[in-house]
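Enquirer:
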Amino acid sequence: MQNFDSMRKRMVETQLIPRGIKDPRVINAMLKVPRHLFVEEALWNQAYGDHALPIGEGQTISQPYMVAIMTELLELKGAEKVLEIGTGSGYQAAVLAELCAKVCTIERIGALGMRARKVLDFLGYSNVAVRTLDGTYGWRDEAPFDGIIVTAASPDIPRPLFEQLKEGGRMLVPIGDRYLQTLTLVIKKPGGQMITKSSIGCVFVPLLGAYGFKLDGRDNG
Ligand code: SAM
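Add 78 to the 1-based position in the sequence shown for this note's numbering, that's all there is to it.
1. Starting from L198, trace the alpha helix (DSSP H) both ways and give me its first and last residue.
2. Could you tell me which residues DSSP pairs with C182 in its beta bridges?
3. By a C-beta neighbour count over all protein chains shown, 10 Å radius and 16 as the cutoff for buried, is T149 buried or exposed?
4. Should Q137 be listed as close to the ligand SAM, given that the test is whether its C-beta is under 6 Å from any heavy atom?
5. Is there contact between the segment 163-178 and the segment 227-243, where contact requires at least three CB pairs shorter than 8 Å?
6. Output the boundary residues of the beta strand (DSSP E) element that contains P132.
7. Jot down the residue ranges of each uninterrupted alpha helix (DSSP H) in the segment 210-256, minimum 4 residues, whole runs only, in chain order.
8. In this structure, how does DSSP classify L94 when only helix, strand and coil are distinguished?
9. Can you tell me whether E185 sits near the ligand SAM, meaning its C-beta is under 6 Å from at least one heavy atom of the ligand?
10. Should L285 be labelled buried (16 or more other beta-carbon atoms within 10 Å of its own) or exposed?
11. Does the ligand SAM have even one heavy atom less than 6 Å from the beta-carbon of D255?
12. For G127, decide whether its Cβ has a neighbour in chain C, counting only Cβ atoms nearer than 7 Å.
13. Report all residues from its chain with a CB closer than 7 Å to the CB of G254; omit the five preceding and five following residues, and keep chain order.
14. May I ask you to report which of helix, strand or coil DSSP gives S277?
15. Taking I147 as the reference, which of Q271, L190, A189 and R97 has the closest Cα?
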């Protein structure tokens, strides 16, 4: 029987802290959330490795470091409402749920949204709402959001998402083509002015939808 607690501690000590993850709240969340439960049992022994893993439907759970840096850049203090586009396994939503008041997460593939909901319920994350839709439209009934995190590659900043970001809010979007992106921090200043800052290079599966990439023969669904 593997000791998942010590695997998580090792993940934090060897993958996150040496790369500059500093926020103690983010580190505690990464130490706490049982990442292995968000992948199929056959992959549990790889769940704390320094890489993404398949979750079915041609999609992935992101590398632990990517989850940590995106979370840290949101600068959550505890009272925020955060929107995630790309629920996938539900792991990133669980990490966010440890750090803010409410997480609204949207997944376009129904089977993934349902599986994520089950794991989040099993772990008691009652502050996470999951919806199956094209998330590039955002979630108007729940807007505005203090933070927005897009966990799929986007050609640009989806306009509805920026509109649904609070003034003073922070949004993270991997921007680029389908193969390579730059993690981009978008800040909405008072008055609605947009400031963008480039962070690290990254590789995400595409954000497919009205304000993302158009669906083609390569895509699931
Ligand atoms: N955050 C996830 C996790 O913790 O497991 C990983 C997300 S995975 C890299 C990207 C996800 O975005 C996929 O599950 C994909 O189906 C989803 N996706 C792509 N386009 C979308 C859209 N327009 N709306 C909602 N989800 C979308």
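No residue lacks a Cβ here, since even glycine has one placed at the ideal position from N, Cα and C.
Expert: To lay it out plainly:
1. G188 to F200
2. L161 and A207
3. buried
4. yes
5. yes
6. L131 to G134
7. 237-241
8. helix
9. yes
10. buried
11. no
12. The structure shown contains no chain C, having only a single protein chain.
13. A231 and T260
14. strand
15. R97
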